[in-house]
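Worksheet: the structure to be examined is printed underneath.
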């Protein structure tokens, strides 16, 4: 997947195995690894 990182969107990722937990680990773009599954959280300036 191609992410547009310079267009006013902030990306955060939850490892799939953390999804649904009360306090899941939230990662930024620099912390993720290719081949792993994540839930994507998007924040925009609008």
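Residue numbers (my numbering): 1 to 46. C-beta: ideal position from N, C-alpha, C; glycine also. Please read all numbers here as calculations on a predicted model, not as lab measurements.
Asked, Found
"Would residue 12 and residue 28 qualify as a contact pair, given that the criterion is a beta-carbon distance under 8 Å?", "yes"
"With DSSP as the reference, label residue 17 as helix, strand or coil.", "helix"
"Could you name the residues of the same chain whose beta carbon sits closer than 6 Å to that of residue 41, not counting the 5 residues immediately before and after it, in chain order?", "12"
"So is the beta-carbon of residue 40 under 7 Å away from any non-hydrogen atom of the ligand MG?", "No copy of the ligand MG occurs in the structure displayed, which carries no ligand at all."
"Helix, strand or coil, according to DSSP, for residue 3 in the structure here?", "coil"
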